[in-house]
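The end of the sequence shown is residue 389 by the UniProt record's numbering, with every number in the run present.
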Amino acid sequence: MADIAVFHPDITRGRGGITVTLHVLNALINDHEITLYTGSTPEFESLNQQNGVTVDEGDLTVTSVSSLPVSVIETIIDLSNEWGQTDLHLDALKSAFVQRQVRSSELNHDLVVSTANEFFVDGPSLQYIHFPSYSGSADSTYETWAPSVPYRLYRTVCRAVAGAGDFDSSTTLVTNSHWTREIIQHTYDHPVEVVYPPVNVEDFDPTVDNREPGFVTVGAVHESKRQLEMIKIIDGLRTRGIKTHLHIIGGVGSQSYYERVLKKAAAREYVCLEGYVDRQNLVDLIEQHRYGLHGRKNEHFGIAVAEMVAGGVIPFVPNGGGQTEIINEEPKLKYDSIDDAIQKISTVMENKRLQQELKTDLESTVSDYSTDEFEKTIRRLTTQLLTQY
1 MADIAVFHPD ITRGRGGITV TLHVLNALIN DHEITLYTGS TPEFESLNQQ NGVTVDEGDL
61 TVTSVSSLPV SVIETIIDLS NEWGQTDLHL DALKSAFVQR QVRSSELNHD LVVSTANEFF
121 VDGPSLQYIH FPSYSGSADS TYETWAPSVP YRLYRTVCRA VAGAGDFDSS TTLVTNSHWT
181 REIIQHTYDH PVEVVYPPVN VEDFDPTVDN REPGFVTVGA VHESKRQLEM IKIIDGLRTR
241 GIKTHLHIIG GVGSQSYYER VLKKAAAREY VCLEGYVDRQ NLVDLIEQHR YGLHGRKNEH
301 FGIAVAEMVA GGVIPFVPNG GGQTEIINEE PKLKYDSIDD AIQKISTVME NKRLQQELKT
361 DLESTVSDYS TDEFEKTIRR LTTQLLTQY
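Spelled out as structure tokens, the structure:
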């Protein structure tokens with residue numbers, strides 16, 4: 001039994017990051033002594049329910065990390081979002097201060113596991129990088145406000161606060177897709193292993209029949225998820241005489257954007273803004289429909305897309321990012337524009353034989369994203385590091 005530290009700065013934000021954290025804990029908690037370092041207060045009852053795990057708070061030590069800079073940042077964010085109608089988060093800066101605070105204490109553990117990107121620490125570590133937080137300009141291609149002066153300044157400050165540097169051989173880096181791996185390797189010149197995020201694929205039944213010829217889209221209602229563009233795609237399909245509809249599933253990511261989507265949905269009887277739904281309702285909505293839409297460009301992985309595939313849905317995704325790996329790089333399911341999406345979706349919807357071929361191909365790789373596969377890989381990598389160091 002080893003003494004392992006798990007670092008996650010905010011276990012209340014970010015669906016993918018929280019899912020990874022909970023399943024890392026679930027994978028290691030029975031065999032090791034675990035200390036979770038976090039800047040937020042985890043509510044394990046709801047976290048377990050949302051992520052399909054059984055992490056008992058009594059089986060680990062939770063060390064809450066707080067600092068004046070983080071408190072100031074959170075106050076600025078709250079005021080900006082309330083009075084300025086912004087959608088500010090500054091996650092990288094908050095994470096930098098939290099990890100700086102963690103490092104200032106005496107970390108006396110056999111292994112450090114970061115489930116929220118880079119953690120610059122001496123000694124053996126396993127780090128799950130969803131996307132580089134402190135990479136300077138390497139990720140500027142994929143940020144809507146880069147490479148502006150404020151962006152470069154923000155990243156410079158984040159790197160300085162985090163103490164960003166290089167990784168040595170005692171650090172094992174893993175990430176969520178081959179697409180993200182290329183970016184990380186270009187940034188840090190360090191080997192990276194792809195470990196797909198844990199997806200509760202066992203919740204879904206892909207064989208459900210009598211599905212509605214409509215679409216589901218899953219994700220926080222936010223500009224980056226492009227729900228307004230997806231409404232335009234459905235508009236275009238109906239203009240072609242295709243009777244279909246759209247369910248928009250997800251909580252509020254940006255209040256102002258949510259209100260714009262709500263207004264558009266209210267004007268169309270074939271668009272339903274479901275908002276946040278519980279796990280069972282999400283599963284039911286996916287299993288009741290034939291098709292899925294994903295809007296985020298350059299998605300690092302796309303748990304929602306993997307859930308659609310597990311649920312027997314045919315998803316259409318933007319051409320770029322790790323999400324295209326989930327659809328096996330199938331050209332018929334990747335779109336470059338709204339018009340391109342309308343054309344490709346029409347072709348698939350009008351050909352039942354093609355639909356079955358696509359579903360068979362997609363479902364052949366579902367097990368690659370299972371929670372069992374993820375936890376097994378985390379245990380293997382942990383054992384390797386503990387044995388070597």
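Cβ coordinates follow ideal geometry from the N, Cα and C atoms, glycine included.
Please state the DSSP three-state secondary structure of F374.
Three-state DSSP puts F374 in a helix.
Taking its Cβ as the centre, do 16 or more other Cβ atoms sit within 10 Å of V113, making it buried, or is it exposed?
Label assigned to V113: buried.
When you compare only the Cα positions, how much space is there between L293 and F316?
Going by the C-alpha atoms only, they are around 5 Å apart.
Note down the Cα distance separating K264 from I231, rounded to an integer number of angstroms.
Roughly 8 Å separates the two Cα atoms.
With a CB to CB cut of under 6 Å and the five nearest residues on each side skipped, what residues in its chain are close to S135?
Contacts found: T187.
Among D372, V348, H178, which has the Cα closest to the Cα of P198?
The shortest C-alpha separation from P198 is found at D372.
Counting only the same chain and skipping the five closest in sequence on each side, list residues whose C-beta sits under 8 Å from that of K359.
P206, G312, I314.
Given a threshold of 16 other Cβ atoms within 10 Å of its Cβ, counted over all protein chains shown, does P213 qualify as buried or as exposed?
Exposed, because fewer than 16 other Cβ atoms sit within 10 Å of the Cβ of P213.
Check whether the region 248-255 and the region 213-229 touch, using three or more Cβ-Cβ pairs below 8 Å as the test.
Result yes; three or more Cβ-Cβ pairs closer than 8 Å.
May I ask you to list the residues that DSSP assigns as paired with F7?
Bridge partners of F7: Y37, S114.
So the alpha helix (DSSP H) L126 belongs to, where does it begin and stop?
Unbroken run through L126 is the beta strand (DSSP E), 125-129; no alpha helix (DSSP H).
Compute the Euclidean distance between the alpha carbons of L386 and F7, then round it to the nearest angstrom.
Whole-angstrom Cα-Cα distance: 17 Å.
From what residue to what residue does the beta strand (DSSP E) around V53 run?
From DSSP, V53 is part of no beta strand (DSSP E); its letter is neither H nor E.
Decide if M1 is buried, meaning its Cβ has at least 16 other Cβ atoms within 10 Å, or exposed.
The residue in question, M1, is exposed, as its Cβ has fewer than 16 Cβ neighbours within 10 Å.
Assuming N176 contacts F301 under a Cβ cut-off of 8 Å, what Cβ separation, rounded to an integer in Å, is found between them?
Yes, N176 and F301 are in contact; Cβ-Cβ is about 4 Å, under 8 Å.
So the beta strand (DSSP E) residue 390 belongs to, where does it begin and stop?
Beyond the ends of the chain as shown, which are 1 and 389, falls residue 390; an answer cannot be given.
E38 and T61: beta carbons closer than 7 Å?
Sequence inspection shows Thr at residue 38; the Glu mentioned does not correspond to that position. Going by C-beta atoms, T38 is not nearer than 7 Å to T61.
Give the straight-line distance between the Cα atoms of G52 and E375, rounded to the nearest whole angstrom.
Cα to Cα, G52 sits roughly 13 Å from E375.
S346 bridges to which residues according to DSSP?
BP columns for S346 are empty, so no partner.
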